[in-house]
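Down below is the structure, laid out as C-alpha cells.
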Amino acid sequence: MRILNPFIAVLALIAVALVAAQVPGGQALIGIILPYLAFALFLGGFAYRVLQWAKSPVPFRIPTTCGQANSLPWIKQNKIDCPSTKLGVIARMILEVFLFRSLFRNTKAEMHEGPKLVYGSSKFLWLFALLFHYCFLVIVLRHMRLFMDPVPGFVAALEFGDGFLQIGAPVFYQTDAIFLGAIAFLFLRRVMLSNIRYISLPADYFPLFLIFGIGLTGILMRYVFRADVVAIKQLTHGLTTFAPAIAAGQISPVFFIHVFLVCALLIYFPFSKLMHMAGIFMSPTRNMINNSRMVHHTNPWNDPNIKPHSYAHYEDEFREFMKDGGIPVDKE
Amino acid sequence: MYGKGRIIPALIIFLGLMTSPIWFKSGDASKMPKPEKPKDYTECVAPTAYMRTSHMVLLNQWRDDILRQDGARTGKTPNGTEYVRSLQNGCMKCHSDKKKFCDTCHNYTSVKPYCWDCHLQPKEAM
C-alpha cells in the first residue's frame with residue numbers, strides 16, 4: 001500500500017494531464033497558467049521553509065563528529081570530519097554538497113549464522129545518488145535551451161558533451177539513460193532491502209515515481225513520440241518573457257503530461273523531503289564548527305536577569321535549612 | 333532570525349539563479365524562426381507535421397538503408413514525384429540554402445546536427 005498509493009497518485013496525475021490536454025482551454029491551463037502558479041509556489045514555499053528554519057535557534061554546537069576532535073598537540077585531529085575552524089567547515093560542506101560524503105559512509109547490516117550481526121561498507125547508494133543528482137542537474141541545465149534565446153554557450157557545451165557518443169538522430173543523451181537507471185536503483189533499494197522497505201513511506205516513493213514519470217515522458221518525447229521543438233520553445237520561451245503563446249495542434253499530448261508532472265513536482269517540492277536541497281546547507285550537524293571547548297556559547301533565550309547560581313551560593317542561601325534537614329554541607 | 337548575514341544573501345542568490353532565464357536578456361518570444369520554403373516545389377517527401385518533428389529520423393533511415401543494407405537510392409512522394417534519398421542531392425535540391433532553411437530552427441533550439449561532420453557544407457554557409 002505504501003508503494004501502490006503513490007504509484008496510483010502519479011498515474012492519476014498522468015491521466016488528468018492527458019484528459020486536460022484534449023479539452024478546449026486545457027492546454028493553456030497546463031501550459032501557461034499552471035507553470036506560473038507552480039513556479040511561484042515553488043519559490044515562495046522554498047523561501048518560506050528556509051526562513052522558518054532560520055528562525056529556529058541552534059544555541060549549542062551539535063555537529064556530528066566523524067573523526068578525532070581538536071585535542072592535545074600530539075593527537076592528530078581530523079580537520080574535515082571534526083572541524084574546529086571555519087575553513088574546516090567550508091571544506092566539509094563543499095565535500096558534502098558536491099560529493100555526498102556522508103552517503104559514502106553508508107553501511108549495510110547483515111545477519112549471519114550464529115546469529116551474528118555483521119556490518120559492511122555499501123557504496124552503491126552513494127554512487128547512484130551522485131549519478132542521479134548530477135544527471136538531474138545536467139538535464140535541467142540542458143532544458144535552458146528552451147527558456148533562453150540566444151542559447152548560452154554552456155548549454156550548447158553540455159548538450160555536446162552529453163551526446164558525444166553520437167548515437168542516432170536526434171542524438172542520444174547519456175544522462176537520460178543514467179538518470180532513469182539511477183532512479184530505478186534508488187527505488188529497488190527501497191523495495192529489495194527489507195530493513196529499508198520497513199522504514200520507507202509513501203513520501204519516499206512518491207517523488208521517485210514522479211521524477212521517473214518526468215524522465216520517462218521527456219525521453220518518450222525526444223525519441224519515440226517526437227515533439228515539435230520549435231512550437232514547444234515558442235511556448236516555454238514565451239513563459240520566461242511573459243508572452244506565452246500555444247501553437248494550436250502542434251504540440252503533442254506527451255508534452256503536456258511532462259509539463260504537468262514537472263508542475264506537480266514544483267508544487268510538491270517545498271512541502272516534502274525534497275527540501276533537502278536547501279536543508280543540506282542548513283544542517284547544524286554539518287555546518288557547525290566543533291569548538292565547544294574553545295568558545296563559550298550562550299543560550300540566546302536565557303533571561304539576562306537570572307544570574308548564574310553556583311553551588312557555593314546555593315549553600316549560602318539554604319545552609320540553615322540543609323542543616324535542619326540533616327543534609328551535609330561543605331562549609332559549616 | 334539567526335544567521336541572517338548568510339541565509340538571506342544565499343536565498344537571494346538562489347532565487348536569482350532560479351529566475352535567471354527571466355533576467356537573461358532573452359529576446360522576443362514572438363521572433364520565431366522562419367525557414368525559407370522552396371519556391372519551385374510544393375510537396376515534400378512526407379507530410380509537414382512529420383517532417384517538422386522527425387526529419388532527422390528519416391535521414392538516419394535513408395543512411396542505414398542505403399549504406400548498410402544496399403537499399404534503393406530513390407523514393408516516390410505520395411503524389412508520385414521521384415526524389416533522391418540523399419541529404420545533398422535530395423533535400424538540398426529544393427531546400428538549397430542551409431543558412432536560410434536548416435540553420436534557422438537549429439540555431440533557435442540549439443541543435444547541432446552532425447550531418448556536416450562528413451558531408452560538405454554548401455559554400456555559402458561556410
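Protein chains in written order, with my numbering: chain A, 1 to 332; chain B, 333 to 458.
From the three backbone atoms N, C-alpha and C, an ideal C-beta is built for every residue, glycine too.
These figures come from a predicted structure and were not determined experimentally.
Count the other C-beta atoms from every protein chain shown that fall within 10 angstroms of the C-beta of residue i, then say buried if there are 16 or more, exposed otherwise.
| i | result |
| --- | --- |
| A:Asn70 | buried |
| A:Val50 | buried |
| A:Pro300 | exposed |
| A:Gln68 | exposed |
| A:Pro308 | exposed |
| B:Lys371 | exposed |
| A:Thr298 | exposed |
| A:Phe154 | exposed |
| A:Val229 | buried |
| A:Pro207 | buried |
| A:Tyr36 | exposed |
| A:Glu113 | exposed |
| A:Leu4 | exposed |
| B:Met333 | exposed |
Excluding five sequence neighbours on each side, which residues of the same chain lie with their C-beta closer than 7 Å to the C-beta of residue i?
| i | result |
| --- | --- |
| B:Leu391 | Leu419 |
| B:Gly383 | The residue you asked about is not Gly; residue 383 of chain B is Met in the sequence shown. These residues qualify, in order along the chain: Cys376. |
| A:Leu29 | Ala20 |
| A:Pro93 | Correcting the residue identity first, residue 93 of chain A is Met in this sequence and not Pro. Correct list, in chain order: Arg286, Asn287. |
Report yes or no: is there a C-beta of chain B within less than 9 Å of the C-beta of residue i?
| i | result |
| --- | --- |
| A:Ser56 | yes |
| A:Ala47 | yes |
| A:Leu43 | yes |
| A:Val138 | no |
| A:Leu51 | yes |
| A:Ala300 | At residue 300 of chain A the sequence reads Pro, which differs from the Ala that was named. It does; some Cβ of chain B falls within 9 Å. |
Please tell me whether residue i has its Cβ less than 9 Å away from any Cβ of chain A.
| i | result |
| --- | --- |
| B:Leu391 | yes |
| B:Gly422 | no |
| B:Asn411 | no |
| B:Ser442 | yes |
| B:Leu347 | yes |
| B:Thr351 | yes |
| B:Asp360 | yes |
| B:Tyr334 | yes |
| B:Pro365 | yes |
| B:Asp341 | Note on residue identity: the sequence assigns Pro, not Asp, to residue 341 of chain B. No, its Cβ sits nowhere closer than 9 Å to a Cβ of chain A. |
| B:Pro454 | no |
| B:Tyr373 | no |
| B:Pro370 | no |
For a test of your reading of the model: does the CB of residue i fall under 8 Å from any non-hydrogen atom of the ligand MG? Yes or no.
| i | result |
| --- | --- |
| B:Thr385 | This structure simply doesn't include the ligand MG, nor any ligand for that matter. |
Identify, in the order they occur along the chain, each residue of the same chain with its Cβ nearer than 6 Å to the Cβ of residue i, setting aside the five sequence neighbours on each side.
| i | result |
| --- | --- |
| A:Glu110 | Val118 |
| A:Gly120 | Lys108 |
| A:Ala278 | Val50 |
| B:Pro454 | Lys430 |
Quick one: what's got a C-beta closer than 8 Å to residue i's C-beta in the same chain, skipping five residues either side?
| i | result |
| --- | --- |
| B:Lys405 | The displayed chain sequence assigns Arg, not Lys, to residue 405 of chain B. These residues qualify, in order along the chain: Ile398, Val416, Arg417, Ser418. |
| A:Lys116 | none |
| A:Ile251 | Gln27, Gly31, Ala227, Asp228, Ala231, Ile232, Leu235 |
query = When the Cβ atoms of the stretch 48 to 58 of chain A are set against those of the stretch 71 to 90 of chain A, are three or more pairs found closer than 8 Å?
reply = no
query = Got a sec: which bits of the stretch 144 to 172 of chain A sit with their beta carbon under 8 Å from any beta carbon on chain B, in order along the chain?
reply = Met144, Arg145, Leu146, Phe147, Met148, Asp149, Pro150, Val151, Pro152, Val155, Ala156, Glu159, Phe160, Gln166, Gly168, Ala169, Pro170, Val171
message = When you compare the stretch 360 to 375 of chain B with the stretch 422 to 440 of chain B, are there three or more beta-carbon pairs, one atom per stretch, that lie closer than 8 Å?
response = yes
ask   = Would you say the stretch 175 to 184 of chain A touches the stretch 202 to 215 of chain A, given that touching needs at least three Cβ pairs under 8 Å?
value = yes
key: Contact set between the stretch 378 to 406 of chain B and chain A, restricted to residues whose Cβ is under 7 Å from the partner   = The residues in question are Arg384, Thr385, Ser386, Met388, Val389, Leu391, Asn392.
inquiry  = Short of 8 Å Cβ to Cβ, which residues in the stretch 256 to 287 of chain A face chain B?
reply    = Ala278, Phe281, Met282
inquiry  = Which residues of the stretch 217 to 251 of chain A have a Cβ closer than 7 Å to any Cβ of chain B? Give them in chain order.
reply    = Arg226, Ala227, Asp228, Val229, Val230, Lys233, Gln234, His237, Gly238, Thr240, Thr241, Ala243
key: Inter-stretch contact (C-beta, 8 Å, three-pair minimum) for the stretch 29 to 48 of chain A and the stretch 239 to 252 of chain A   = yes
message = Tell me whether the stretch 147 to 161 of chain A and the stretch 195 to 207 of chain A touch, counting them as touching only if at least three CB pairs, one residue from each stretch, are closer than 8 Å.
response = no
inquiry  = Can you confirm whether the stretch 79 to 97 of chain A touches the stretch 271 to 289 of chain A when touching is taken to mean that 3 or more C-beta pairs between the two stretches lie within less than 8 Å?
reply    = yes
query = Just checking, does the stretch 226 to 234 of chain A make contact with the stretch 264 to 281 of chain A on the three C-beta pairs under 8 Å criterion?
reply = no
key: Contact the stretch 312 to 322 of chain A vs the stretch 88 to 101 of chain A: 3+ CB pairs below 8 Å   = no
Cβ contact (3+ pairs, closer than 8 Å) linking the stretch 166 to 175 of chain A and the stretch 261 to 269 of chain A = no
request  = With 7 Å as the C-beta to C-beta threshold (strictly closer), list the residues of the stretch 429 to 440 of chain B near chain A in chain order.
outcome  = Cys437, Tyr440
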